[in-house]
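Here is the structure we will look at, set down as structure tokens.
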Amino acid sequence: MTDPHSVTRRGFLGSLSAGGIMAGPTLLHFAQVTDSEPQVASSYRLIDTHVYLFQWPFRLIHSAETAELVRSLKNAGVTCAWAGSLESLLHRDIASVNARLHEECRKYGDGFLVPCGTINPMLPDWTEDFRQCVENYKMRVLRLFPGYHGYTLDIPEVGRLLALAHKCEIGIQITIEMEDVRAQNPLLPVKPVEVTPLGRWLEDFPALRLMLLNCHRAVPPQQLAKLVTIGWVYVDLGMLEGIAGLERLTSVIPIERICFGSFAPVFYFESALLKLAESHLPGGSLDAICYQNAETFSHRQPPYPRKGGFPMPYQRTCAVWLASSG
Amino acid sequence: MDFSPRLADIKQRLFPFPLEIWDGHTHLLGLPGKTPEERLERLLECASRLGIGRVCVFMGTKWQFDPTPEELREANEEVRRAVERFPTRAFGFVYVNPNHQVASLNEIRRHVRDGPMVGVKLWVARRCCDSALDPIVALAHDCDAVVLQHTWIKTTGNLPGESTPHDLACLARRHPDAVFIAAHSGGGNWEIGLRAFCETPNVYAELSGSDPTSGFTEMAMRLLGPRRVIFGSDAPGRSFATQLGKVLGASVDDDTKRLILADNLKKLLAPILKKKGVPV
Ligand SMILES: [Zn+2]
Chain X
29 MTDPHSVTRR GFLGSLSAGG IMAGPTLLHF AQVTDSEPQV ASSYRLIDTH VYLFQWPFRL
89 IHSAETAELV RSLKNAGVTC AWAGSLESLL HRDIASVNAR LHEECRKYGD GFLVPCGTIN
149 PMLPDWTEDF RQCVENYKMR VLRLFPGYHG YTLDIPEVGR LLALAHKCEI GIQITIEMED
209 VRAQNPLLPV KPVEVTPLGR WLEDFPALRL MLLNCHRAVP PQQLAKLVTI GWVYVDLGML
269 EGIAGLERLT SVIPIERICF GSFAPVFYFE SALLKLAESH LPGGSLDAIC YQNAETFSHR
329 QPPYPRKGGF PMPYQRTCAV WLASSG
Chain E
24 MDFSPRLADI KQRLFPFPLE IWDGHTHLLG LPGKTPEERL ERLLECASRL GIGRVCVFMG
84 TKWQFDPTPE ELREANEEVR RAVERFPTRA FGFVYVNPNH QVASLNEIRR HVRDGPMVGV
144 KLWVARRCCD SALDPIVALA HDCDAVVLQH TWIKTTGNLP GESTPHDLAC LARRHPDAVF
204 IAAHSGGGNW EIGLRAFCET PNVYAELSGS DPTSGFTEMA MRLLGPRRVI FGSDAPGRSF
264 ATQLGKVLGA SVDDDTKRLI LADNLKKLLA PILKKKGVPV
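So the sequences go chain by chain: X and E.
All you need for my numbering is the position in the first sequence, starting with 1, plus 28.
All you need for my numbering is the position in the second sequence, starting with 1, plus 23.
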């Protein structure tokens with residue numbers, strides 16, 4: 029009997045092996061032409077790049093029911109939410125996790141929820157999960173959980189995965205941490221992810237889009253600034269702390285690399301929205317943070333031109349900034 | 024500055040009804056400014072952006088786990104200078120150390136009994152169940168001052184002198200007439216911390232200084248009722264935004280939000296503020 033998926037699967041793997049870790053033109057072409065996410069007609073757009081569906085393993089979250097989450101995000105002004113699955117943390121059958129996420133977003137989101145599937149490169153045959161996410165579910169952004177899946181970012185499989193994302197123009201989100209280590213269940217301590225190895229991959233894959241989620245406690249500002257000079261590294265607002273945090277963050281990295289991301293419903297959504305009002309930012313910054321940068325990250329838009337912002341390419345400007353900041 | 028309609032829209036969504044906000048927990052360390060007054064000015068400027076009208080502020084411009092009498096004096100002088108510049112917006116709490124009992128009592132006399140401060144701050148020098156705290160609490164109570172004690176439960180291990188909520192409950196039972204604020208309410212492990220205060224009606228759970236994890240405010244409400252929960256930020260180390268989101272984002276009614284954001288703290292501080300002639 030013929031496996032209905034076998035041709036797609038063989039073609040996909042063939043394209044991988046033909047160039048070592050190169051993706052084939054079919055997949056690349058697909059990623060460029062697919063546009064399942066509807067455009068919002070209104071000029072008001074707020075893309076929340078860091079949201080989760082399903083239950084947090086450690087406590088019941090009031091707004092975690094998908095219908096309720098969608099309702100509360102829409103009430104708060106969100107026009108599109110990039111949703112990962114909290115099942116990804118501990119489940120091992122990642123293919124079914126991604127299938128449920130895709131179905132839940134389709135069922136409740138009505139285009140509002142954009143599923144961000146999970147890839148665990150420690151699993152055998154993870155490339156098939158990648159193919160399903162990109163080809164079957166038409167995902168443009170995928171999420172990694174190295175801390176919960178037990179790998180560091182320097183292993184060769186991470187290189188393979190990022191190479192594939194680079195070729196397919198898939199944005200990769202890496203969750204640096206999910207909770208304060210001082211507040212974790214003692215039976216399940218998970219350390220923040222060490223991001224130093226990313227420098228090498230960013231040099232190897234210059235067009236790769238990476239977004240670090242919940243990075244602000246674990247990644248020192250100078251290290252973040254350095255990564256941003258090497259490649260297309262973006263951050264969300266999760267775990268950005270301190271008074272007027274966005275003012276401080278924009279003195280370290282360009283506004284063009286900062287995306288609104290709330291980490292809801294694990295964190296109270298309002299905590300992220302209030303950050304936009306706590307800082308005084310240059311004119312135009314809010315639109316950049318609220319949706320323009322997210323669109324650039326997910327290859328929906330080329331970078332928006334910004335008056336007085338960091339000119340393109342960023343590398344030179346940031347290098348100058350780093351040199352002058354001591 | 025970005026004063027686009029978007030900012031107005033965000034504020035409208037966050038504050039659909041008028042709210043008075045008092046922040047029960049702020050510091051001077053980590054703010055720009057050459058003087059304590061300049062630091063406090065910056066803190067108040069950022070607080071105003073989110074509608075926070077009044078703040079309680081304590082400890083000086085350095086972190087000292089186990090301060091000497093001289094360091095206590097210096098820290099309290101800095102806070103006093105700052106709050107005297109903004110007497111109706113910032114209320115000082117005197118920082119004391121139970122390892123230096125005589126010096127601590129003198130600091131309370133100087134800054135609370137005879138000065139403008141309205142509360143006593145205890146941090147991590149000695150666990151608060153210790154009897155060394157008894158004279159400090161007694162004097163604070165005589166002055167109508169509230170006692171704010173840091174409490175955390177760290178999965179990674181507390182500091183040797185760092186109190187847990189259970190330590191504070193033990194102290195509060197020994198002083199049933201004194202009023203205590205449990206700073207952080209156990210911190211990130213608030214689910215364990217809040218349980219400690221169910222049987223101590225003289226302890227108020229304060230929400231500052233941990234990640235804005237969903238459910239914190241709702242559980243505090245469920246266990247302690249709406250009148251024993253107090254908003255605090257722990258700014259500038261923490262963001263006003265993240266901490267305020269714990270209340271504005273909570274699934275509780277608007278009256279409860281009003282109690283948590285201002286009314287409960289106002290009620291605790293009203294007697295001493297009145298004595299000092301500060302309009303409430
Ligand atoms: Zn504090």
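Beta carbons: idealized from backbone N, C-alpha and C, even for Gly.
So who's on the other strand from residue i, going by DSSP bridges?
i: E/GLN266; result: In DSSP, E/GLN266 forms no bridge with anything.
i: X/LEU241; result: X/THR203
i: X/ASP17; result: Residue 17 of chain X cannot be examined here, being either before or after the span of chain X that is shown, 29 to 354.
i: E/LYS144; result: E/TYR118 and E/LEU171
i: E/LEU194; result: E/LEU194 pairs with nothing; no bridge assigned.
i: X/PHE295; result: E/THR236
i: E/ILE159; result: Paired residues: none, contrary to the question.
i: X/ALA127; result: Answer by DSSP bridge pairing: none, since X/ALA127 is not bridged.
i: X/ARG171; result: X/THR146 and X/GLN201
i: E/VAL252; result: E/ALA228
i: X/LEU81; result: X/SER113
i: X/ILE286; result: X/VAL263
Is it the case that the Cβ atoms of residue i and residue j are separated by a distance below 9 Å?
i: X/LEU241; j: X/ILE202; result: yes
i: E/SER237; j: X/ILE183; result: no
i: E/VAL170; j: E/GLY142; result: yes
i: X/GLU207; j: X/VAL280; result: no
i: X/LEU304; j: E/LEU30; result: yes
i: X/TYR72; j: X/VAL98; result: no
i: X/MET267; j: E/ASP257; result: no
i: X/PRO225; j: X/VAL162; result: no
i: E/PHE239; j: E/TRP45; result: no
i: E/GLY53; j: E/ARG103; result: no
i: X/ASP76; j: X/PHE325; result: no
i: E/PRO259; j: E/CYS79; result: no
i: E/THR265; j: X/GLU269; result: yes
i: E/PRO294; j: E/ASP167; result: yes
i: X/GLY105; j: E/ILE33; result: yes
i: E/GLY76; j: E/ARG65; result: no
i: X/ALA127; j: X/VAL79; result: no
Just the C-alpha distance for residue i and residue j, rounded to the nearest angstrom, thanks.
i: X/HIS327; j: E/THR187; result: 49 Å
i: E/LEU292; j: E/VAL202; result: 10 Å
i: X/LEU216; j: X/ASP232; result: 34 Å
i: E/ASP276; j: E/ILE283; result: 11 Å
i: E/GLU130; j: E/HIS123; result: 11 Å
i: E/PHE40; j: E/GLU241; result: 20 Å
i: E/THR84; j: E/PRO110; result: 19 Å
i: X/LEU309; j: X/ARG276; result: 10 Å
i: E/LEU37; j: E/ASP153; result: 43 Å
i: X/LEU56; j: X/ALA300; result: Residue confidence is low: X/LEU56 scores 28 on pLDDT, short of 50, so the model does not pin down where it sits. Its coordinate-derived value is still stated next. Roughly 34 Å between the two C-alpha positions.
i: E/ASN287; j: X/ILE271; result: 24 Å
i: E/ASN99; j: E/TRP146; result: 14 Å
i: E/HIS198; j: E/PHE114; result: 24 Å
i: E/GLU229; j: E/ILE204; result: 6 Å
i: X/GLN212; j: E/THR179; result: 9 Å
Assuming residue i is part of the alpha helix (DSSP H), what are its boundary residues?
i: E/ASP46; result: Not the alpha helix (DSSP H): E/ASP46 falls in the beta strand (DSSP E), residues 44-49.
i: X/TYR176; result: 174-177
i: X/LEU141; result: Not the alpha helix (DSSP H): X/LEU141 falls in the beta strand (DSSP E), residues 141-143.
i: E/GLU214; result: 213-216
i: E/PRO259; result: E/PRO259 -> no alpha helix (DSSP H), and no H or E assigned at all.
i: X/THR278; result: 273-278
i: X/GLY227; result: 226-232
i: E/ASP278; result: 277-281
Kindly indicate if chain B contains any beta-carbon less than 9 Å away from that of residue i.
i: X/ASN321; result: No chain B appears in the structure shown, which is made up of the protein chains X and E.
Between which two residues does the beta strand (DSSP E) carrying residue i extend?
i: E/PHE81; result: 75-81
i: E/PHE114; result: 113-119
i: E/LEU174; result: Sequence inspection shows Thr at residue 174 of chain E; the Leu mentioned does not correspond to that position. Where E/THR174 is concerned, the enclosing beta strand (DSSP E) stretches over 169-175.
i: X/TRP260; result: 260-263
i: E/HIS207; result: 203-209
i: E/ALA228; result: 226-229
Mind checking the stretch 160-189 of chain E against chain X and listing, in chain order, the residues whose C-beta falls within less than 8 Å of any C-beta there? TRP175, LYS177, THR178 and THR179
Identify each residue in the stretch 271-299 of chain X for which the Cβ-Cβ distance to at least one residue of chain E is less than 7 Å, and report them in chain order. Within the stretch 271-299 of chain X, the qualifying residues are ILE271, ALA272, GLY273, PRO293, VAL294, PHE295, TYR296, PHE297, GLU298 and SER299.
With 9 Å as the C-beta to C-beta threshold (strictly closer), list the residues of the stretch 255-273 of chain E near chain X in chain order. SER256, ALA258, PRO259, GLY260, ARG261, SER262, PHE263, ALA264, THR265, GLN266, LEU267, GLY268, LYS269, VAL270, LEU271, GLY272 and ALA273
Output, in sequence order along the chain, the residues in the stretch 241-267 of chain X whose CB is closer than 8 Å to any CB in chain E. MET267
Residues proximal to ligand 2 by C-beta, any heavy atom closer than 7 Å: As far as ligands go, the structure on display features ligand 1 and does not contain ligand 2.
Contact list for the stretch 72-88 of chain E against chain X, Cβ threshold 8 Å: ARG72 and LEU73
Could you please tell me which residues of the stretch 26-47 of chain E, in chain order, have their CB closer than 9 Å to any CB of chain X? Those would be PHE26, SER27, PRO28, ARG29, LEU30, ASP32, ILE33, LYS34, ARG36 and LEU37, in chain order.
Tell me which residues of the stretch 210-238 of chain E have at least one Cβ-Cβ distance to chain X shorter than 9 Å, keeping chain order. Of all residues in the stretch 210-238 of chain E, GLY210, GLY211, ASN212, TRP213, GLU214, SER233, ASP234, PRO235, THR236, SER237 and GLY238 have a Cβ within less than 9 Å of some Cβ in chain X.
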